[in-house]
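Enquirer: Dropping a structure here in C-alpha coordinates format, bear with me for questions.
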Amino acid sequence: MKPAARRPLLLCALAAAAALSFLLVAPPPPLAAHLSSLLLAFPASPYAGRPKLLFLLAGQSNMAGRGLAPHPLPAPFRPHPRVLRLAASRRWVVAAPPLHADIDTHKVCGLGPAMPFAHRLLEDAGSGESSLVLGFVPAAVGGTRIWMWRLVNDFRADLGIPDLLVIQVGLASGEGNYTDIVREGQKNIKLPNVILVDAIGLPLQDDQLHLSTEAQLWLGDMLGQAYLKFNSSTDSRQ
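Numbering (mature numbering (1 follows the signal peptide of the UniProt record, and there is no 0)), first residue to last: -19 to -1, 1 to 219.
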(Lines of atoms letter the chains of each structure in order from A and count residues from 1; the text may use other names and numbers.)
(Lines give C-alpha, C1' and ligand atoms only; values in the text may rest on other atoms or scores of the structure.)
Protein backbone atom coordinates (compact mmCIF):
# COMPACT_ATOMS: atom_id res chain seq x y z
CA MET A 1 0.00 0.00 0.00
CA LYS A 2 1.32 3.41 -0.95
CA PRO A 3 2.61 5.49 2.00
CA ALA A 4 1.25 8.94 2.79
CA ALA A 5 3.32 11.55 0.97
CA ARG A 6 5.05 14.14 3.13
CA ARG A 7 3.67 17.32 1.57
CA PRO A 8 3.01 20.67 3.24
CA LEU A 9 -0.65 20.93 4.12
CA LEU A 10 -3.07 23.25 5.82
CA LEU A 11 -6.45 21.75 6.67
CA CYS A 12 -9.11 24.35 7.36
CA ALA A 13 -12.13 22.89 9.11
CA LEU A 14 -14.73 25.65 9.26
CA ALA A 15 -17.30 23.68 11.20
CA ALA A 16 -19.24 26.42 13.00
CA ALA A 17 -19.21 30.17 13.35
CA ALA A 18 -17.60 29.65 16.73
CA ALA A 19 -15.56 26.68 15.67
CA LEU A 20 -12.89 27.40 13.09
CA SER A 21 -10.23 24.72 12.79
CA PHE A 22 -6.94 24.39 10.94
CA LEU A 23 -4.34 21.68 10.56
CA LEU A 24 -0.92 22.52 9.10
CA VAL A 25 1.75 20.07 8.05
CA ALA A 26 5.28 21.33 8.62
CA PRO A 27 7.21 22.39 5.51
CA PRO A 28 10.13 20.48 4.00
CA PRO A 29 13.77 21.07 5.02
CA PRO A 30 15.50 23.28 5.87
CA LEU A 31 12.61 25.00 7.65
CA ALA A 32 11.17 21.70 8.87
CA ALA A 33 14.52 20.81 10.40
CA HIS A 34 14.59 24.15 12.19
CA LEU A 35 11.06 23.62 13.49
CA SER A 36 11.92 20.13 14.66
CA SER A 37 14.95 21.39 16.57
CA LEU A 38 12.71 23.86 18.39
CA LEU A 39 9.95 21.37 19.12
CA LEU A 40 12.14 18.50 20.32
CA ALA A 41 12.68 20.18 23.70
CA PHE A 42 12.25 17.73 26.59
CA PRO A 43 11.13 14.70 24.56
CA ALA A 44 8.87 12.31 26.48
CA SER A 45 8.13 9.74 23.77
CA PRO A 46 10.43 7.08 22.29
CA TYR A 47 9.44 8.43 18.87
CA ALA A 48 10.18 12.07 19.75
CA GLY A 49 13.55 12.01 17.98
CA ARG A 50 12.17 10.51 14.76
CA PRO A 51 11.46 12.66 11.69
CA LYS A 52 7.82 13.65 11.88
CA LEU A 53 5.05 14.83 9.62
CA LEU A 54 4.08 17.89 11.69
CA PHE A 55 0.54 19.24 11.91
CA LEU A 56 -0.44 22.52 13.53
CA LEU A 57 -3.95 22.19 15.01
CA ALA A 58 -5.08 25.81 14.97
CA GLY A 59 -8.41 27.58 14.99
CA GLN A 60 -11.38 27.40 17.32
CA SER A 61 -13.59 25.02 19.23
CA ASN A 62 -14.27 22.28 16.68
CA MET A 63 -10.53 21.69 16.28
CA ALA A 64 -9.96 21.97 20.02
CA GLY A 65 -12.73 19.39 20.27
CA ARG A 66 -16.21 19.58 21.76
CA GLY A 67 -17.32 16.07 20.81
CA LEU A 68 -18.36 13.99 23.82
CA ALA A 69 -15.93 11.19 24.67
CA PRO A 70 -17.73 7.84 25.07
CA HIS A 71 -16.23 5.00 27.06
CA PRO A 72 -14.55 3.08 25.65
CA LEU A 73 -13.26 5.41 22.93
CA PRO A 74 -14.03 4.36 19.34
CA ALA A 75 -10.91 2.95 17.68
CA PRO A 76 -10.23 6.00 15.43
CA PHE A 77 -9.93 8.23 18.51
CA ARG A 78 -7.61 5.96 20.48
CA PRO A 79 -3.91 6.73 21.02
CA HIS A 80 -1.32 5.28 18.66
CA PRO A 81 2.39 5.12 19.56
CA ARG A 82 3.35 6.88 16.32
CA VAL A 83 0.88 9.75 16.75
CA LEU A 84 2.42 12.36 19.05
CA ARG A 85 1.29 15.63 20.56
CA LEU A 86 3.42 18.57 21.65
CA ALA A 87 2.17 19.27 25.17
CA ALA A 88 2.11 22.74 26.70
CA SER A 89 5.20 21.63 28.64
CA ARG A 90 6.99 21.33 25.24
CA ARG A 91 7.28 17.57 25.58
CA TRP A 92 6.37 15.18 22.81
CA VAL A 93 3.87 12.76 24.29
CA VAL A 94 1.60 10.12 22.79
CA ALA A 95 -1.49 11.96 21.54
CA ALA A 96 -4.63 11.09 23.46
CA PRO A 97 -7.92 13.03 23.54
CA PRO A 98 -8.58 15.70 24.51
CA LEU A 99 -5.59 17.01 22.55
CA HIS A 100 -6.16 20.64 23.60
CA ALA A 101 -6.79 20.12 27.32
CA ASP A 102 -3.68 22.12 28.26
CA ILE A 103 -4.13 24.71 25.46
CA ASP A 104 -7.83 25.68 25.35
CA THR A 105 -7.91 25.81 29.14
CA HIS A 106 -11.06 27.90 29.67
CA LYS A 107 -13.36 25.29 28.13
CA VAL A 108 -13.97 21.58 28.58
CA CYS A 109 -12.30 20.02 25.56
CA GLY A 110 -13.44 16.79 23.97
CA LEU A 111 -13.02 14.97 20.68
CA GLY A 112 -11.96 16.70 17.45
CA PRO A 113 -11.08 15.46 13.94
CA ALA A 114 -7.32 15.10 14.42
CA MET A 115 -7.10 11.53 15.72
CA PRO A 116 -9.38 10.02 13.03
CA PHE A 117 -7.35 11.99 10.47
CA ALA A 118 -4.13 10.48 11.84
CA HIS A 119 -5.52 6.95 11.84
CA ARG A 120 -6.61 7.39 8.22
CA LEU A 121 -3.06 8.37 7.20
CA LEU A 122 -1.50 5.50 9.14
CA GLU A 123 -3.98 3.07 7.62
CA ASP A 124 -3.00 4.24 4.16
CA ALA A 125 0.70 3.93 4.97
CA GLY A 126 0.17 0.34 6.13
CA SER A 127 3.13 -1.77 7.15
CA GLY A 128 5.22 -0.43 4.28
CA GLU A 129 6.13 2.74 6.17
CA SER A 130 6.44 1.71 9.79
CA SER A 131 8.71 4.71 10.41
CA LEU A 132 5.92 7.24 9.70
CA VAL A 133 5.45 9.41 12.79
CA LEU A 134 2.79 12.12 12.98
CA GLY A 135 3.30 15.11 15.27
CA PHE A 136 0.38 17.31 16.31
CA VAL A 137 0.98 20.81 17.68
CA PRO A 138 -2.31 21.87 19.34
CA ALA A 139 -2.98 25.60 19.09
CA ALA A 140 -6.77 25.96 18.73
CA VAL A 141 -8.75 28.09 21.19
CA GLY A 142 -12.53 28.29 21.13
CA GLY A 143 -14.13 31.65 20.39
CA THR A 144 -11.16 33.26 18.62
CA ARG A 145 -12.42 36.31 16.73
CA ILE A 146 -12.63 35.66 13.02
CA TRP A 147 -11.19 39.09 12.09
CA MET A 148 -7.86 37.88 13.51
CA TRP A 149 -7.48 35.29 10.75
CA ARG A 150 -5.92 35.70 7.29
CA LEU A 151 -5.19 32.04 7.29
CA VAL A 152 -3.93 31.00 3.91
CA ASN A 153 -1.86 34.08 3.11
CA ASP A 154 -0.42 34.38 6.63
CA PHE A 155 0.64 30.74 6.91
CA ARG A 156 2.10 30.68 3.42
CA ALA A 157 4.01 33.90 4.04
CA ASP A 158 5.31 32.84 7.46
CA LEU A 159 6.47 29.46 6.16
CA GLY A 160 7.75 30.73 2.83
CA ILE A 161 5.63 28.18 0.94
CA PRO A 162 3.41 30.05 -1.54
CA ASP A 163 1.79 26.83 -2.83
CA LEU A 164 0.98 25.32 0.59
CA LEU A 165 -1.96 22.92 0.22
CA VAL A 166 -5.09 24.08 2.03
CA ILE A 167 -8.11 21.85 2.61
CA GLN A 168 -10.97 23.87 4.02
CA VAL A 169 -14.15 22.35 5.38
CA GLY A 170 -17.36 24.03 4.32
CA LEU A 171 -19.21 25.60 7.25
CA ALA A 172 -21.67 23.12 8.75
CA SER A 173 -23.46 25.45 11.16
CA GLY A 174 -23.43 28.96 12.55
CA GLU A 175 -25.10 31.60 14.66
CA GLY A 176 -27.38 34.16 13.05
CA ASN A 177 -28.06 34.36 9.32
CA TYR A 178 -24.49 34.34 8.07
CA THR A 179 -23.87 30.64 7.41
CA ASP A 180 -24.89 30.76 3.75
CA ILE A 181 -22.84 33.92 3.18
CA VAL A 182 -19.71 32.32 4.64
CA ARG A 183 -20.26 29.08 2.72
CA GLU A 184 -20.61 31.01 -0.53
CA GLY A 185 -17.40 32.86 0.22
CA GLN A 186 -15.60 29.58 0.84
CA LYS A 187 -16.81 28.14 -2.45
CA ASN A 188 -15.59 31.22 -4.33
CA ILE A 189 -12.01 31.15 -3.05
CA LYS A 190 -9.74 31.29 -6.09
CA LEU A 191 -6.34 30.64 -4.51
CA PRO A 192 -4.13 27.83 -5.86
CA ASN A 193 -4.02 24.55 -3.93
CA VAL A 194 -7.13 25.34 -1.89
CA ILE A 195 -9.62 22.45 -1.71
CA LEU A 196 -13.11 22.40 -0.19
CA VAL A 197 -14.45 19.48 1.85
CA ASP A 198 -18.09 20.13 2.72
CA ALA A 199 -19.22 19.36 6.28
CA ILE A 200 -22.83 20.34 5.68
CA GLY A 201 -25.16 17.60 6.86
CA LEU A 202 -22.81 16.18 9.48
CA PRO A 203 -24.64 15.66 12.79
CA LEU A 204 -24.46 18.46 15.36
CA GLN A 205 -24.73 18.52 19.11
CA ASP A 206 -27.81 19.94 20.84
CA ASP A 207 -26.32 23.45 20.69
CA GLN A 208 -26.58 23.24 16.87
CA LEU A 209 -23.06 24.69 16.61
CA HIS A 210 -20.53 22.01 17.47
CA LEU A 211 -20.01 18.75 15.66
CA SER A 212 -21.01 15.55 17.42
CA THR A 213 -18.56 12.76 18.17
CA GLU A 214 -19.82 10.83 15.16
CA ALA A 215 -19.40 13.91 12.96
CA GLN A 216 -15.81 14.46 14.13
CA LEU A 217 -15.00 10.88 13.21
CA TRP A 218 -16.44 11.32 9.73
CA LEU A 219 -14.77 14.70 9.30
CA GLY A 220 -11.34 13.35 10.21
CA ASP A 221 -11.74 10.54 7.70
CA MET A 222 -12.98 12.95 5.01
CA LEU A 223 -9.98 15.21 5.56
CA GLY A 224 -7.64 12.24 5.38
CA GLN A 225 -9.18 11.06 2.12
CA ALA A 226 -8.93 14.55 0.62
CA TYR A 227 -5.27 14.82 1.62
CA LEU A 228 -4.39 11.41 0.20
CA LYS A 229 -6.31 12.06 -3.03
CA PHE A 230 -4.43 15.32 -3.57
CA ASN A 231 -1.09 13.61 -3.00
CA SER A 232 -2.00 10.81 -5.37
CA SER A 233 -3.04 13.20 -8.15
CA THR A 234 0.09 15.30 -7.63
CA ASP A 235 2.37 12.24 -7.72
CA SER A 236 0.75 11.07 -10.96
CA ARG A 237 1.69 14.38 -12.62
CA GLN A 238 5.35 14.18 -11.60
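Beta carbons: idealized from backbone N, C-alpha and C, even for Gly.
The structure displayed is predicted, hence computed values, not measured ones.
#1: For Q197, which option in D187, L183 and L209 has the closest C-alpha, if you only look at C-alpha atoms?
#2: Could you name the residues that DSSP lists as bridge partners for P119?
#3: Consider the C-beta atom of P51 and the heavy atoms of the ligand NAP; say whether any pair is separated by less than 7 Å.
#4: Just verifying my parser: in three-state terms, what is the DSSP assignment at G48?
#5: Per DSSP, which one or two residues make a beta bridge with V74?
#6: Which same chain residues, not among the five before or five after A120, have their C-beta less than 7 Å away from its C-beta?
#7: Measure from the alpha carbon of V175 to the alpha carbon of each residue in D144, T125 and I181, then state which is nearest.
#8: Ignore the nearest five residues each way along the sequence and tell me which others in G205's own chain have a CB closer than 6 Å to its CB.
#9: In chain order, what residues of the same chain lie with their CB nearer than 7 Å to the CB of W199, ignoring the 5 residues before and after it?
#10: Find the nearest neighbour of I148 within the set G201, T194 and D139, judged by alpha-carbon distance.
#11: Per DSSP, L192 is paired with what?
Expert: A quick look at the data gives this:
#1: The residue given as residue 197 occupies position 216 in the sequence shown. Looking at the Cα atoms, L183 is the closest of the given residues.
#2: Within the sequence shown, numbered from 1, the residue matching residue 119 stands at position 138. In the DSSP output, where bridge partners are listed per residue, P119 has L38.
#3: No copy of the ligand NAP appears in this structure; indeed no ligand is present at all.
#4: Looking up residue 48 in the sequence shown gives position 67. Looking at G48 - three-state DSSP - the assignment turns out to be strand.
#5: In the sequence shown, counting from the first residue as 1, residue 74 sits at position 93. Answer is R66.
#6: Locating residue 120 in the sequence shown gives position 139, counting from the first residue. Cβ within range, chain order: L37, L38, A39 and I84.
#7: The residue you call residue 175 lines up with position 194 of the sequence shown. Nearest of D144, T125 and I181 to V175, Cα basis: D144.
#8: Within the sequence shown, residue 205 is the residue found at index 224, counting from 1. Cβ neighbours of G205 beyond the five flanking positions: F98, R101 and L102.
#9: One-based indexing of the sequence shown puts residue 199 at position 218. Counting only Cβ-Cβ distances below 7 Å, and skipping sequence neighbours, we find L183.
#10: What you label residue 148 is simply residue 167 of the sequence shown in a count that begins at 1. I148 has its Cα closest to that of G201, out of G201, T194 and D139.
#11: On the sequence shown, position 211 is the one that residue 192 refers to. For L192, the beta-bridge partners assigned by DSSP are L185.
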